[in-house]
Structure formats: C-alpha cells, structure tokens
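Protein chains in written order, with my numbering: chain P, 1 to 104; chain A, 1 to 201; chain R, 1 to 269.
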Amino acid sequence: MASSMRVRALLKGDVTAITAIVSHPMETGMRKDGGKVIPAHFIQVLTVDVDGKRVVTSHLNTAVSSNPVFNFKVKGAKVGDKAVVSWVDNLGEKGSGEAVVAAG
Amino acid sequence: MKAKLMMGGVLALASTCLFAAGSESVVAARLKTDFHTKGIAKVERLDQDPVQILCSTPDLDSVPQAQQFALEKQQRAEIKYPADGKYLGDWKKGEILAQDGRGNTWSDTPETPIGGNCYNCHRISPQEISFGTIGPSLYQYGKKKGYTEARQKEAYGRIYNSKAFNLCAPMPRFGHVGALTEAQIKDLVALLLDPESPVNK
Amino acid sequence: MKGRLLISAAVVSLGMAGMAWSQGNSATAEIEKYREMLGDGNPAELFEMDGEALWATARGPKNASLQKCDLGLGAGVVKGAYAQMPRYFADSDKVEDLESRLMTCMVKLQGFDRAELSKKPFGTANYKSDMEALVAYVVGQSRGMPMAVPTAHPKEKAAFELGKQIFFYRAGPYDFSCATCHAMTDARIRMQDLPDLTSPAGSQRAYTSWPAYRVSQSLFRSFQWRLNDCFRQQRFPEPTYASESTIALTSYLATMANGATYQGPGIKR
Chain P
1 MASSMRVRAL LKGDVTAITA IVSHPMETGM RKDGGKVIPA HFIQVLTVDV
51 DGKRVVTSHL NTAVSSNPVF NFKVKGAKVG DKAVVSWVDN LGEKGSGEAV
101 VAAG
Chain A
1 MKAKLMMGGV LALASTCLFA AGSESVVAAR LKTDFHTKGI AKVERLDQDP
51 VQILCSTPDL DSVPQAQQFA LEKQQRAEIK YPADGKYLGD WKKGEILAQD
101 GRGNTWSDTP ETPIGGNCYN CHRISPQEIS FGTIGPSLYQ YGKKKGYTEA
151 RQKEAYGRIY NSKAFNLCAP MPRFGHVGAL TEAQIKDLVA LLLDPESPVN
201 K
Chain R
1 MKGRLLISAA VVSLGMAGMA WSQGNSATAE IEKYREMLGD GNPAELFEMD
51 GEALWATARG PKNASLQKCD LGLGAGVVKG AYAQMPRYFA DSDKVEDLES
101 RLMTCMVKLQ GFDRAELSKK PFGTANYKSD MEALVAYVVG QSRGMPMAVP
151 TAHPKEKAAF ELGKQIFFYR AGPYDFSCAT CHAMTDARIR MQDLPDLTSP
201 AGSQRAYTSW PAYRVSQSLF RSFQWRLNDC FRQQRFPEPT YASESTIALT
251 SYLATMANGA TYQGPGIKR
C-alpha cells in the first residue's frame, strides 16, 4: 500500500477542477483472506475546503474502490487559493492533502 | 549460377536456425538458464518437440511446405480415436468444459481441473458473449457443416490435435498432450455437433 | 460567499459496476467508457510519490540514496531515462532494463545484495514492493517523451534478436509463444483486446501504457511483472527476475515501440 495522498487544483475559465487521489484500502468487510473476514475499513466522510471555506462534504460507503480517485468542479476559486481535501474513516483514522490552485 | 544459389540457401539456414553445439538452439539454452520450475510448471516444459521447433520460426512462409505437410501427417498418425467408434458425448458437460480456462499454470495445482479454454478464442454458444476471436466462430457449426459421422470424427481429431490439420495453428493439442480425456473431447464434439446443442439452435 | 461557490461534484468509483450487456458491440463500448473513466485520475501517482521519496532516501549497508544512479543519461538523471531503456551500460557490460539497472545501482551505491533484491520484487495486498515504487517514479519522469531505445551497440542488437526469438518460441503443454496471442490484429481473448506486438502501431500502443496501476489488484505493476504473468498464462515455467531472457524480450518490445510517445504509468482494469 502506498501511504499518501495527492491533490491537484487547476483553474480553467471560472471552474476549478480539484482531483484527489487517496491511498486507502476501502475494505468492505465482506472479503475473506484464507477463510478469515477482513474487517471493514473505509472512508466515511471526505471534505474539500477552498480558501478556508467548506465547499464539499461527501459521505462515502463501501461501494468505492481502494485507492479512490475523486474529481470535483468548483466555481469561485482563484489562482493561489489553498484547496484542502480531508477524510475520516470508520476506524477514526484521518488524512489530508492540499494543493494551491494553479492556472490550468 | 547454381553454386551461388546453393550458397544463398546455406546462409539463410544459418541465419534462421542459430543452433549451438548439439541440437539445442541458442535461444532454448538461454531460456533454460533463465527460467526455473515453479509448482507444476517444470523447467522441462521449455523442451521443444519437432512441431514446436518448426513453428517457432518468425517467418513461417520461409519454411518449405513439404516439411510442414510431413509433420502434419506424422501428427495425424498419432491421433487415438475412440475405440468404441462413438464421437458424441454430452453437450451440457461440453459447455461447462468450454467455459473453463483454468489448469496447467504454475498457480494451479495438480488437482486443478483442466479446462477446455474454448471461449478464450472461439465464439460457440450464442448465449455467451464473452468470447475470443483468435480462432474462427464455431456458432452453428453442425447446422452449417452437417451432422455426419465423418464430421464428428474430424472435429474429434481437431480437438485432439489441431496441429495434425494445420501445423502451426495457435490451438493447443488437447488430446495429444493429455490435457483432456477421450470422454471430455467427446463432450466438446457434442457441443459442436449435437443438433440439440445451443450451438446449432 | 458560500452561496456563490457553485459546486458540481462527481465521485468516481473505480469499482466495475454490473453492466447490462445485450450484445458484444455494446459491451465493447461499455468497456471503452470504463477505460475513459479510469483516465480521469491514476492511483499510480501514489506509488510515484513513494518512489520519489525512496529514491532520495539514504538506505542500505552504505546508507546512501540513489541520487547518483546512472540510468543511461548520466548520474542522477531520471527525466526521460525510461524512454531510452533497455540499453547497454559500459560499467556492467550488459544490456539492462530499468529493474535490472535499479538493482545494479542499489548494489553499487547502497550495498544491497542482488539475490536478496530479486527475491520479492512484486507487491501483494500485504507486502509493499520498494522496487515497484521506484519503477513508478522513474517511468513517470518519461511521460510525454518519445520512445528512443538505442540499437547501435552490438549487445543491444543481440538483445533485440534474442528477444525476437523468445517472442516466437513455442513450448509448454499448449505450444504457446508470445506470438500465439500477440501477432494478429484486432484479436481478443474473451473480452480482452490483444495488441499485435509485431506491428509498430500495436506495439507502440501497448508498450507505452506499461508499467501500470492494476485496479483489480489495487497495485502498481512493473514491466517485469507484466512479462512474468504473461509467461504464467503461457503455461511456461517462471522467468527469473531481471534475467537476460526477460531483458532481451523487453528490448525487442521496447525497440518495436520506438517513435511513440511514452504514456505511462498506465491504468488497467
């Protein structure tokens, strides 16, 4: 497993495309390894803040793949704004990554 | 003039064969050094029989046809047809076998049932849309070719050893190498040539 | 202010959804759509980040980083190096592919043992492969560069020729060679398209999309892994990691792809 997260934010016209690639197993709790159930382990809430303001709150479940890729389109951001993507999973683990909005 | 032609022939031979001392080619010797046995896949699998040697030529058109025909004939002579003279088994079992692509890899065990691998390369029953296109479509095989005993015997022979009919065909020699049994091949013949098989509906 | 931030959000799940297939053509179209969706973002980037960090980290008995590793374009030059590999290296007097060369550097600069490095080069769900992370980083630095594998040195020529012979070598219980599946145009095995690796177009398209992230395995896969799993399906015995045969085969395939733009790391189902 990779151990990290990558965030990109590119402004084109008046729309900023924010991409977040998150390293996470997204275990459903349904899979087995040698007869033993692998415990559920998945991101429950993922948020995006631009320039300190919450612009996305998404509630996720086990129907999302491991190492998921998220694409959001946001209006109103400007070059130089900070985009922060954060997540919390069902085990209480947290992660976040950030990018400065760049001209795309 | 004649001498020149002969020399050309010798040169061509030398450049295509690349044989080292003895009868083993340079590439075969290299592969046997660089590959190792894993599980059921023994390193001896790299040993080639005459058919495999000839069919490893990158430019098959450069191989004299007479050589190919001679080997085909030899392969045909080695086909073991059913002693009871019956070729049609159970098409339902044939369909299951045709779907199965497992067996014979190093991640399989000696107990892994060996599948027919048929859908990997052929369209067969119309219900199965996940089929490969390396081989010809076999849909409506019996309907188009007829249900005669001669057809059944031919189909049996082609599954047993495709190389006996088309020397460098991509298709494995399922009976010849013992991957499929006589009963299994009969089931596959039935899948193609039983009028009740979905293939012929 | 908040009200002015209009948001449209699309959450891309990489899980293969159940698809309603009525016929072969629409199935192919659906698979094409799925591939497009995968192109939106590639988790291979996570492995590239890990590899980049690993490249610069002092490790091994000699406690050194790989920053002085020569991948063919000079010590420490990573940019564009993969698009010109495999190639002949004077110091080892061998043609090396990326993975062999990384091991050569890890032995020489960091003091690792080559045999030890070759033991577990491929990652699993429970085992993270340093080699695959390094590969991800290095190949990512050739994205967008033209493939220009050198062919002038006699040993490069010999590797290409040996690789070609291996490509056509039929053996094993099913008489398979690489060419059995990869020497015809527009063929597929089940629903999987098979590139024709004997044609420049097919070879360019296939070679430049590897190494790649495999969605079905949640892992990044190197080119040595790609060859290893091909040989498994070919019913061959296992090729030894970064052996002369595998490097030669890579030389053949990479040279056939010359002229194309390197697109990797790719993303596969």
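We treat Cβ as the ideally placed atom computed from N, Cα and C, and that holds for glycine.
None of these values were measured; they are calculated from a predicted model.
Across the set Ser125/A, Thr133/A, Glu24/A, the C-alpha of Glu24/A shows the shortest separation from the C-alpha of aspartate 49/A. Nearest neighbour of aspartate 49/P by Cα position, chosen from Thr19/P, Leu91/P, Lys12/P, turns out to be Thr19/P. In the displayed model, glutamate 128/A falls within coil according to three-state DSSP, outside both helix and strand. Per DSSP, the beta bridge partners of isoleucine 21/P are Arg6/P, Val69/P. Comparing alpha carbon positions, the residue from Ala150/A, Leu71/A, His36/A closest to asparagine 166/A is Leu71/A. Taking 9 Å as the cut-off, the Cβ atoms of glutamine 233/R and threonine 133/A do not count as close.
Nearest to methionine 30/P by alpha-carbon distance, out of Arg8/P, Thr62/P, Ser58/P, Leu10/P, is Thr62/P. Under the DSSP definition of a beta bridge, isoleucine 189/R partners with Gln192/R. Only residues of its own chain outside the window of five on either side were considered, and among them Gly144, Met145, Pro146, Met147, Thr208 have a CB closer than 8 Å to the CB of threonine 261/R, listed in chain order. Using a C-beta cut-off of 8 Å, the stretch 237 to 252 of chain R makes no contact with the stretch 76 to 83 of chain R, since fewer than three inter-stretch Cβ pairs fall below that distance. Its chain contains Lys68 as the residues whose beta carbon lies nearer than 6 Å to that of alanine 75/R, once the 5 sequence neighbours on both sides are disregarded; these appear in chain order. The beta carbon of proline 43/R falls within 9 Å of a beta carbon belonging to chain P, placing the residue at that interface. Linking asparagine 228/R to lysine 86/A through their CA atoms gives a straight-line distance of about 42 Å.
With a beta-carbon spacing of about 12 Å, leucine 97/A and leucine 192/A fall beyond the 8 Å limit used to define contacts.
Interface criterion met: the Cβ of valine 215/R is under 9 Å from a Cβ in chain P. Cβ proximity to chain A below 9 Å picks out Asp186, Ala187, Arg188, Ile189, Arg190, Met191, Gln192, Leu194, Thr198 from the stretch 186 to 220 of chain R. Proximity of proline 68/P to chain R, defined by a Cβ-Cβ separation below 9 Å, is satisfied. The C-alpha of histidine 176/A lies about 6 Å from the C-alpha of asparagine 161/A. Scanning chain A for C-beta atoms nearer than 7 Å to the C-beta of alanine 27/R yields Ile129, reported in chain order.
Within the stretch 122 to 147 of chain A, Ile129, Ser130, Phe131, Gly132, Thr133, Ile134 place their CB atoms closer than 7 Å to a CB of chain R, listed in sequence order. In the DSSP secondary-structure assignment, arginine 214/R is bridged to Leu219/R, Lys268/R.
Cβ contact annotation for arginine 205/R (same chain, cutoff 8 Å, sequence separation greater than five): Pro195, Ala260, in chain order. Among the CB atoms of chain P, none fall inside 9 Å of the CB of leucine 134/R.
Assignment of beta-bridge partners to alanine 64/R by DSSP yields Arg59/R. Note that the C-beta distance between glycine 116/A and phenylalanine 174/A is below 9 Å. Between leucine 109/R and alanine 64/R, the gap from beta carbon to beta carbon is short of 9 Å. No residue range can be given for leucine 138/A, since it is assigned to no beta strand (DSSP E) and is classified by DSSP as neither H nor E. Valine 37/P carries a strand assignment under DSSP once its states are collapsed to helix, strand and coil. Excluding sequence positions up to five before and after serine 177/R, its CB lies within less than 8 Å of the CB of Phe167, Phe168, Tyr169, Arg170, Ala171, Gln234, all in the same chain and listed in chain order.
One finds Pro58 in chain A with Cβ atoms closer than 8 Å to the Cβ of lysine 164/R, taken in chain order. In summary, the residues of the stretch 21 to 42 of chain P whose CB is separated from some CB of chain R by less than 7 Å are Ile21, Ser23, in the order they occur in the chain. Between alanine 27/R and isoleucine 129/A, the CB-CB gap stays under 9 Å. When the beta-carbon positions are compared, valine 22/P and valine 85/P come within less than 9 Å of each other. Close CB contacts of proline 61/R within its chain, under the 8 Å cut and outside five residues either way in sequence, are with Gln110, Gly111, Phe112 (chain order). Taken atom to atom, the span from the alpha-carbon of tyrosine 174/R to that of glutamine 65/A is near 23 Å. Relative to the Cα of phenylalanine 131/A, the nearest Cα in the group Leu138/A, Tyr139/A, Ile159/A, Cys121/A belongs to Cys121/A.
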